[in-house]
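**Student:** In this text, residue positions in the sequence shown follow the numbering used here: the first is 94, and each later residue adds one.
All C-beta atoms in this analysis are idealised placements derived from N, C-alpha and C, irrespective of residue type, glycine included.
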Amino acid sequence: IIMSSNSLHYLIIGLCSLLLSFGAAVGVNVQKLSMMKEQRIREEEKKQRPYFCQPLWLCGMFIIIIDAIGDFVFIGMAPQTLLAPLGSFSLGWNMIL
Numbered sequence: 094i095i096m097s098s099n100s101l102h103y104l105i106i107g108l109c110s111l112l113l114s115f116g117a118a119v120g121v122n123v124q125k126l127s128m129m130k131e132q133r134i135r136e137e138e139k140k141q142r143p144y145f146c147q148p149l150w151l152c153g154m155f156i157i158i159i160d161a162i163g164d165f166v167f168i169g170m171a172p173q174t175l176l177a178p179l180g181s182f183s184l185g186w187n188m189i190l
């Protein structure tokens, strides 16, 4: 299959957008895991740390920030007709994870 350079460009952007939507779902779920662990500890010790003091929560936030920067870059590089359907994959990733 021979692809034009424009088609290859859009394919790469589409694949990166899919990867970034998966990254956002992972980041949110890592933060949720951190909060659930903290709640379990809080029930035992009657003490809760702020979210920004939880290493796992910070890791999830870092993933989400990197994802948002990537989304910002790719939104400027691809047509909305390509990115809009790919954005719906975030819902699917959240259901799977």
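Examine the Cβ distances between the region 159-172 and the region 112-124 and report whether three or more of them are shorter than 8 angstroms.
**Tutor:** yes
**Student:** Can you give me the C-alpha to C-alpha distance between residue 137 and residue 175, rounded to a whole angstrom?
**Tutor:** 49 angstroms
**Student:** How long is the line joining the alpha carbons of residue 151 and residue 144, rounded to whole angstroms?
**Tutor:** Computed Cα separation, rounded: 8 angstroms.
**Student:** With 16 as the cutoff for other CB atoms within 10 Å, does residue 106 come out buried or exposed?
**Tutor:** buried
**Student:** From 103, 104, 117, pick the residue whose C-alpha is nearest to that of residue 186; which is it?
**Tutor:** 117
**Student:** Using a threshold of 8 angstroms, state whether the C-beta atoms of residue 149 and residue 126 are closer than that.
**Tutor:** yes
**Student:** Of the choices 128, 169, 189, whose alpha-carbon is the least far from that of residue 142?
**Tutor:** That would be 128, whose Cα lies nearest to the Cα of residue 142.
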